[in-house]
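**Q** Convert by adding 84 to the 1-based position in the sequence shown; the result is the number in this note's numbering.
Where is the CB? At the ideal position from N, CA and C, for every residue including glycine.
All values derive from a computational prediction rather than experimental measurement.
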Amino acid sequence: LTACQLPQHSVRSLSLVSARLYAALFPRLHRTITFRARNEWALNILDVDPFFRDHPGSCAGEILQHARQIRFSAPIHIARFHRCIYNSHFFLPALSHNRPTIGSPHESTAHQAFLNDLSYQIDQVFARLETLLDLQLTCRMWCVGTCLPVGIMDTNGYLVRHQQQIHSPSLITDGSCPHSGRRLEGLSSLTALTDLEWEGIQHPFEMHTLCECLRQNHWRLKAVSIGFLLDPNTVPTSSASCSCWREPRIRCPCSTSRSAATTCAIQKTIGVHCDQWFPSLTSLTFSRVPFPDSLLPGGQQSPFRALKALTIRDCPNEQRFLQLLARAKDPLSLQHFEICSDYLRDSEDRLASIAIVEFLLSFRGLRRLYLKVANFPRFLPGLGDAIKHHQATLHGLVFHERRLMPIDAERLFEDLRDVNMASPNIPQILRHSSPAALGLCLRPVSARGLLLDIPERSTIRLLHLRLSGEERNHRHLRREIVSELRRNAEGRLWSRSRHGPTVAGLHLKPARKRSEAQDFLLLAQWAFGPTGLPALQILAFGDFSHDGRYREQQILIRRRRIGEQPYPRVSLDGEYSISSSFCLVESDDHFLWEGLPLDGTQFLSACPGTGLMVSPYDL
85 LTACQLPQHS VRSLSLVSAR LYAALFPRLH RTITFRARNE WALNILDVDP
135 FFRDHPGSCA GEILQHARQI RFSAPIHIAR FHRCIYNSHF FLPALSHNRP
185 TIGSPHESTA HQAFLNDLSY QIDQVFARLE TLLDLQLTCR MWCVGTCLPV
235 GIMDTNGYLV RHQQQIHSPS LITDGSCPHS GRRLEGLSSL TALTDLEWEG
285 IQHPFEMHTL CECLRQNHWR LKAVSIGFLL DPNTVPTSSA SCSCWREPRI
335 RCPCSTSRSA ATTCAIQKTI GVHCDQWFPS LTSLTFSRVP FPDSLLPGGQ
385 QSPFRALKAL TIRDCPNEQR FLQLLARAKD PLSLQHFEIC SDYLRDSEDR
435 LASIAIVEFL LSFRGLRRLY LKVANFPRFL PGLGDAIKHH QATLHGLVFH
485 ERRLMPIDAE RLFEDLRDVN MASPNIPQIL RHSSPAALGL CLRPVSARGL
535 LLDIPERSTI RLLHLRLSGE ERNHRHLRRE IVSELRRNAE GRLWSRSRHG
585 PTVAGLHLKP ARKRSEAQDF LLLAQWAFGP TGLPALQILA FGDFSHDGRY
635 REQQILIRRR RIGEQPYPRV SLDGEYSISS SFCLVESDDH FLWEGLPLDG
685 TQFLSACPGT GLMVSPYDL
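(1) In the DSSP assignment, find the unbroken beta strand (DSSP E) run with P710 in it and report its ends.
(2) For H420, which of helix, strand or coil comes out of DSSP?
(3) Could you spell out the range, first to last residue, of the alpha helix (DSSP H) harbouring G472?
(4) Under a three-way DSSP split, which group does C227 fall into?
(5) Ignoring anything shorter than 4 residues or poking outside the region 444-494, list the alpha helix (DSSP H) runs there in chain order.
(6) Just the C-alpha distance for L488 and F460, rounded to the nearest angstrom, thanks.
(7) With A410 as the anchor, note down where its alpha helix (DSSP H) starts and where it stops.
(8) How far does the beta strand (DSSP E) with W125 in it reach, from first residue to last?
(9) Consult DSSP for H150 and reduce its assignment to one of helix, strand or coil.
(10) Just the Cα atoms here: how many angstroms apart are G259 and L696?
(11) Does the Cβ-Cβ distance between V566 and L680 come in under 9 Å?
(12) Smallest Cα separation from P692: which of Q475, I423 and I641?
(13) Taking only three categories from DSSP, how would you classify F687?
(14) L547: which of V529, A521 and N509 sits nearest, CA to CA?
(15) In three-state DSSP terms, what is F375?
(16) Check whether the region 496-515 and the region 671-691 touch, using three or more Cβ-Cβ pairs below 8 Å as the test.
(17) CB S552 to CB H630, shorter than 9 Å?
(18) What's the gap between the Cα of F483 and the Cα of K306?
(19) Starting from the Cα of L409, find the closest Cα among L534, R155, L561 and V441 and give me that residue.
(20) According to the Cβ coordinates, are A158 and L109 closer than 9 Å?
(21) Name the residue from I641, G613 and R304 whose alpha carbon lies nearest to the alpha carbon of A276.
(22) From V209 to L202, what does the alpha carbon distance come to, in whole angstroms?
(23) Which one of P465, Y454 and L536 has the shortest CA to CA distance from L478?
(24) Which value, in whole angstroms, describes the spacing of the CA atoms of Y242 and G235?
(25) When you compare each of T230, S518 and T278 to L268 by their alpha carbons, which one comes out closest?
(26) Judging by CA-CA distance, which residue of C143, F119 and P140 is the nearest neighbour of V132?
(27) Hey, G145 and R212 are a contact pair by Cβ (cut 8 Å); roughly how many whole angstroms apart?
(28) In this structure, how does DSSP classify T366 when only helix, strand and coil are distinguished?
(29) Buried or exposed: which applies to E494, given that a residue is buried once 16 or more other Cβ atoms fall within 10 Å of its Cβ?
(30) Using beta-carbon positions only, say whether R642 and L623 come within less than 9 Å of one another.
(31) So, with DSSP's three-state summary, where would you put R545?
(32) With a CB to CB cut of under 6 Å and the five nearest residues on each side skipped, what residues in its chain are close to W677?
(33) Rounded C-beta distance between S252 and T293? I'm assuming under 8 Å.
(34) L514 and I538: beta carbons closer than 9 Å?
(35) In terms of residues, what are the limits of the beta strand (DSSP E) holding S309?
(36) May I ask you to list the residues that DSSP assigns as paired with I117?
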C-alpha cells in the first residue's frame with residue numbers, strides 16, 4: 085500500500101534493498117514498458133529483440149502481464165519532419181532481408197518496407213500480450229514520430245480488438261510524410277477515453293478522425309492535447325466553414341477539404357455552439373492550431389466550465405479564442421495558463437496583446453502564468469495590472485520576449501530573436517512581491533542589475549534565465565561552465581589582480597573580457613551568497629525544452645545544503661564543483677524539486693522556442 089503512493093523512481097530505488105522487496109514491488113516496477121528506437125536515423129530498429137533476448141521463456145510474459153502502459157518511443161532532436169525517412173540516404177536496413185532500401189527509385193515501396201520492419205517487431209509484443217487474457221492496458225503511447233504501422237490503431241489493430249477499455253492514448257505522428265493519415269481509423273472507435281494527446285496532425289483524414297474521437301468521448305475527456313503541423317493550405321478562414329460542427333451528433337462530411345476539415349476539428353474541439361460540450365475537461369493544450377476567423381466573441385456559455393489548465397502555443401488567431409473565453413457568461417477558474425505567441429506582427433498592433441490582458445483580467449486564482457510573446461508593445465496599458473490581478477495566488481511566472489532583429493551585418497535581413505526583457509511591468513511587480521519560480525529572458529550579465537532591486541524578503545526559490553536553444557550561438561555552454569569550474573578548482577579560473585571586481589574573494593577580469601560562462605558563475609556566486617537572493621535554491625540557464633534537445637546549451641545548479649561537504653558533488657561530466665555555495669545538478673534529480681509549489685521540470689520546459697515536430701514549410 086505504501087509503495088502505491090511512491091513515485092516510480094522511489095519504487096525503483098526501494099526494490100534494490102533486498103530480493104524480498106524486489107519481488108513485492110515487481111508489479112509496480114513493470115507498470116510501464118517502453119520499447120525505444122535508440123538511433124534517430126534508424127527509427128525502424130526498436131529494442132524489441134533485446135527485450136525478449138534478455139527475458140527468455142516465460143520471463144517476458146511475467147513482466148508484460150503487469151504492464152498497464154505500453155510505450156514506443158524515439159528521440160526527436162534533429163529529425164523533426166519526414167521522419168519515416170523514405171527518401172533519406174541515412175537509412176539503416178533493419179533485421180529483415182530482401183527489402184528495398186530507402187533512397188531507391190521505388191520510394192513508396194521503401195516506405196512500406198520501413199513500416200513492415202516496425203510491424204514485424206511490434207507484432208512480437210502484441211502476440212505475447214494476446215496470450216495474457218486478463219491484461220488491461222490503460223495507456224498506449226506511440227511517441228516514435230512516424231506513421232503508424234499496421235496492427236496498432238487500424239480497425240483490425242490490437243488495441244481495437246483487445247483493449248477497448250484503454251483511456252489514455254498518446255500519439256506523435258509524422259504529419260509531414262505524404263503517406264501519413266492512414267491506419268488511424270480505430271481511434272474513433274475507442275469510447276472510454278479520459279485523456280487524449282496527439283502531436284503531428286496535418287492531413288484531412290487525421291482531422292476527421294480527431295473529430296470523431298472527440299464526438300465519441302466528449303463527456304468523459306479530462307485532458308486533451310492537440311498539435312498541428314501547419315502549411316499554407318491548412319489555416320482556415322471565415323469562408324472555410326462546414327456545418328458539421330454546429331451539431332455534434334452529425335458525422336463530419338468534410339474530410340476531402342483540408343481547410344474545411346481543419347475548421348471542423350477546431351470548432352468541435354473548442355465546443356462552439358455546443359453547451360456543456362466538455363463538462364469534465366480540466367486540461368487543454370493547443371499547439372499550432374489555427375483558430376478560424378469565425379470565432380466571434382459573444383456572451384455564450386463557456387464549453388469548459390471545469391477547465392483548470394490552458395496552454396496555447398503558436399496558434400494563429402489565438403486572440404479570438406482568448407476573447408471568446410474572456411467574454412463568456414461563465415468565467416473560467418484557471419490555475420495554469422501558458423501562451424506562446426510567436427507570429428510576426430507589427431509592434432504597434434496591440435490586438436493580440438490586449439486580448440491577453442483582457443483574458444487575464446476575466447478571472448482570478450491563477451497559480452502559474454507563462455508568457456512568451458513576439459514584438460510585444462513595450463508599454464502596454466494593463467499588463468502589470470493583469471499580472472497583479474493574480475498576485476495573491478501566483479507561484480510561477482515566466483516572461484519571455486522576442487523581437488524582430490537584424491541578423492546580418494548590413495541589417496538587410498531580420499528574424500525573431502530573444503531579447504533582454506524590456507517591459508517595465510515585471511521589475512515593478514517584483515519590487516512588491518515575487519513568485520516561488522521566476523523565468524525571464526535575460527543574459528547573466530544583465531540579470532544581476534534587475535535582481536538587485538528585488539527586496540531582501542524575496543521568496544524566489546527557482547530562477548531560470550531563458551534563452552532559446554535553436555537560435556543560440558552558444559552551443560557548448562555547459563561544457564564551458566564545467567571547464568571554468570575545473571580551472572577554478574586548479575586555481576586558474578580568473579587572474580588574480582588588483583584590478584576588476586571582487587566576488588567571494590576572487591579578483592576578476594574586467595567585464596569586457598569575461599565570457600558568458602564566467603558571467604553566469606559570477607551571477608551564481610552573488611545569488612547564492614550573503615548579499616544575493618536569500619530563498620534561492622535552484623538557478624537554471626538555457627533551454628530545457630523537449631526532453632534534452634538542447635542539453636549542451638543548459639546548466640542547472642543548486643545551493644549547497646547546510647552541513648554538506650565543500651567538494652562532495654561530481655557532475656555527470658566528471659568535474660568537481662568548487663564553489664562553497666552551489667554545485668552542479670541534473671534536471672532528472674527528483675529530490676531537487678522538493679518543497680517547490682509546482683513541477684520544476686515543467687516550469688523549465690514551458691514556452692518552448694520550437695515545436696516538438698515541425699513542418700518543412702517552417703524552414
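**A** This is what the structure holds:
(1) Nothing about residue 710 can be read from this structure; the chain reaches only from 85 to 703.
(2) In this structure, H420 counts as strand in the three-state DSSP scheme.
(3) Checking the displayed sequence, the identity of residue 472 turns out to be Lys instead of Gly. Per DSSP, K472 belongs to the alpha helix (DSSP H) from L467 to K472.
(4) The DSSP-derived three-state label of C227 is strand.
(5) Taken in chain order, the unbroken stretches of alpha helix (DSSP H) that lie wholly in the region 444-494 and span 4 residues or more are 467-472.
(6) So the two alpha carbons sit approximately 10 Å from each other.
(7) That run of the alpha helix (DSSP H) goes E402 to A410.
(8) Note, W125: premise wrong, no beta strand (DSSP E); not H, not E.
(9) If DSSP states are grouped into helix, strand and coil, H150 belongs with coil.
(10) Rounded to whole angstroms, the gap between the alpha carbons of G259 and L696 is 12 Å.
(11) No.
(12) Of the candidates Q475, I423 and I641, the one whose C-alpha sits nearest the C-alpha of P692 is I423.
(13) Here F687 carries a helix assignment [DSSP, helix/strand/coil].
(14) Among V529, A521 and N509, the Cα nearest to that of L547 is on A521.
(15) Note: F375 maps to coil in three-state DSSP.
(16) At 8 Å Cβ cutoff, the stretches do not touch.
(17) In this structure, H630 does not lie closer than 9 Å to S552 by Cβ.
(18) Using only the alpha carbons, I get a separation of about 28 Å.
(19) When only C-alpha atoms are compared, the closest one is V441.
(20) Taking a C-beta distance under 9 Å as the contact criterion, A158 and L109 do not qualify as a contact pair.
(21) Of I641, G613 and R304, the residue nearest in Cα terms is R304.
(22) For V209 and L202, the distance between alpha carbons rounds to 11 Å.
(23) For L478, the closest of P465, Y454 and L536 by C-alpha to C-alpha distance is Y454.
(24) Spanning the alpha carbons of Y242 and G235 requires a straight line of approximately 6 Å.
(25) Comparing Cα-Cα distances from L268 to each of T230, S518 and T278, the minimum goes to T230.
(26) When C-alpha distances from V132 are compared across C143, F119 and P140, the shortest belongs to F119.
(27) That pair is a contact at about 6 Å.
(28) If DSSP states are grouped into helix, strand and coil, T366 belongs with coil.
(29) By the neighbour-count rule (16 or more Cβ atoms within 10 Å), E494 is not buried but exposed.
(30) For the pair R642 and L623, the CB atoms are nearer than the 9 Å cut-off.
(31) The three-state secondary structure of R545, taken from DSSP, is coil.
(32) Answer for W677: G684, listed in chain order.
(33) At roughly 17 Å, the Cβ-Cβ gap does not stay under 8 Å, so S252 and T293 are not in contact.
(34) The answer is yes: Cβ separation under 9 Å.
(35) S309 -> beta strand (DSSP E) spans A307 to F312.
(36) Beta-bridge pairing links I117 to I154.
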